[in-house]
Amino acid sequence: MGDADQPAIMIAAEGDIRIITINRPAAHNAVDAELHARLATVWAEIAADPGARAAILTGVGADFCAGGDFAFMMQAVDPAGRWRVMEEGRRIIEEMLRFPLPLVAAVNGPAVGLGASIAVMCDLVVLADSAYLADPHVSVGLVAGDGGSATWPAHVSMLHAKEFLLLGDRIGSDRAVAMGLANRVAPAADLMTVARELAGRLAALPARAAQDTKRALNLVLEQNMAATRSYALVAERFSMGDDDHQAFLAAVRERRARRQASS
41 MGDADQPAIM
51 IAAEGDIRII
61 TINRPAAHNA
71 VDAELHARLA
81 TVWAEIAADP
91 GARAAILTGV
101 GADFCAGGDF
111 AFMMQAVDPA
121 GRWRVMEEGR
131 RIIEEMLRFP
141 LPLVAAVNGP
151 AVGLGASIAV
161 MCDLVVLADS
171 AYLADPHVSV
181 GLVAGDGGSA
191 TWPAHVSMLH
201 AKEFLLLGDR
211 IGSDRAVAMG
221 LANRVAPAAD
231 LMTVARELAG
241 RLAALPARAA
251 QDTKRALNLV
261 LEQNMAATRS
271 YALVAERFSM
281 GDDDHQAFLA
291 AVRERRARRQ
301 ASS
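Our numbering numbers the first residue of the sequence shown as 41 and each following residue consecutively.
In structure tokens, the structure reads:
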């Protein structure tokens, strides 16, 4: 379960808008096994809700999503765990791309790794002025195969996609808008107000026209995914067992052990 025995994802109805909230604030909304599995199923659940016309994706607390939780990353050490994680990762990307309702990302804080990928796959992206995007897969010894290699080149130039996927640098809110990774920047206190206003406008549109237009646009991303998926996901799965990634995990384990010993 999420923090304080709450679900890892909460869904709230506000009229015809559904608020989807990542709920692991004590862990910076990092992705554990429960959250990863839920991200693969929540979209079909909301799409089946006859009262829903639009949705907002956000996080509880100061973070949007800090990427992979260390304990969850350790589950991918064995081959069976790797396969399960990558299969769920494929489903997350595919289900988001096929989600018919207009979806607004209200990025309330850092969006890292998978967090960055799911943010920029939303239809409109609003960043809090203190938020940033980053995809540090490569710096921790992993191939950026969980959507970034397919979606980032569709949003920004190939040179920018290579820069940020290879170097993993943080992209601040203003630069994200300038590059085309976000639509708006809002003060943190106003973020949900701006997101609700946009979601309300989207919900008020003729449903068939809005959903089919979104579908037509997302076909571009689906084609990118089809072109890269067979290589990128397999490459990421194998990189989980590479020496570089294993060295990263060992270093994290050692730092945690030292902290526990000194506490």
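For each residue, glycine too, the CB sits at the ideal point set by N, CA and C.
In angstroms, rounded to a whole number, what distance separates the CA positions of residue i and residue j?
| i | j | result |
| --- | --- | --- |
| R130 | V160 | 16 Å |
| A290 | D175 | 21 Å |
| Q300 | E294 | 10 Å |
| A225 | M114 | Contrary to the premise, residue 225 reads as Val rather than Ala in this sequence. If you take the alpha carbons of V225 and M114, they lie about 35 Å apart. |
| C105 | L173 | 10 Å |
| L75 | T61 | 11 Å |
| V152 | D209 | 10 Å |
| C162 | G281 | 31 Å |
| A218 | F139 | 26 Å |
| V165 | A156 | 11 Å |
| P246 | V234 | 21 Å |
| L221 | N258 | 15 Å |
| L137 | A239 | 18 Å |
| V82 | K202 | 30 Å |
| L273 | P150 | 24 Å |
Kindly say whether residue i, judged by its beta-carbon, lies nearer than 7 Å to any beta-carbon of chain C.
| i | result |
| --- | --- |
| Q251 | Reference to chain C is not applicable here, since this structure consists of a single protein chain. |
Measure the beta-carbon distance from residue i to residue j and round it to whole angstroms, keeping in mind my assumption that it falls under 8 Å.
| i | j | result |
| --- | --- | --- |
| V100 | L154 | 17 Å between Cβ atoms; not a contact. |
| A87 | I57 | Not a contact, Cβ separation roughly 14 Å. |
| N69 | D103 | 5 Å |
| L231 | N148 | 6 Å |
Of all the options the options, which has the alpha carbon lying nearest to the alpha carbon of residue i?
| i | options | result |
| --- | --- | --- |
| R241 | I49, A48 and G55 | G55 |
| F204 | L231, G188 and Q251 | G188 |
| V292 | A168, V260, A111 and F278 | A111 |
| G108 | H177, L231, S170 and V274 | H177 |
| S170 | L207, A216, T268 and N63 | A216 |
| N223 | I49, A66 and A168 | A168 |
### Message
Which complete alpha helix (DSSP H) runs does the segment 170-209 hold, if anything under 4 residues is left out?
### Response
Scanning the segment 170-209 from its first residue to its last, the whole alpha helix (DSSP H) runs of 4-plus residues come out as 188-195 and 198-207.
### Task
Pick out the complete alpha helix (DSSP H) segments inside the segment 208-235, 4 residues or longer, and give them in chain order.
The segment 208-235 contains these whole alpha helix (DSSP H) runs: 213-219.
### Task
Only counting runs of 3 or more residues, tell me where the beta strand (DSSP E) segments fall wholly within the segment 135-168, in order along the chain.
Whole beta strand (DSSP E) segments, 3+ residues: 143-147 and 164-168.
#### Entry: Contact the segment 142-149 vs the segment 116-127: 3+ CB pairs below 8 Å
Fewer than three beta-carbon pairs drawn from the segment 142-149 and the segment 116-127 are found closer than 8 Å, and the two stretches are therefore not classed as touching.
### Query
Taking one C-beta from the segment 270-286 and one from the segment 178-198 each time, how about it: are there three or more such pairs within less than 8 Å?
In short, these stretches touch, since the Cβ pair count reaches three.
### Task
Enumerate, from N- to C-terminal direction, the unbroken alpha helix (DSSP H) stretches of 4 or more residues contained entirely within the segment 67-146.
Here the runs fully enclosed are 73-79, 82-87, 110-115 and 119-138.
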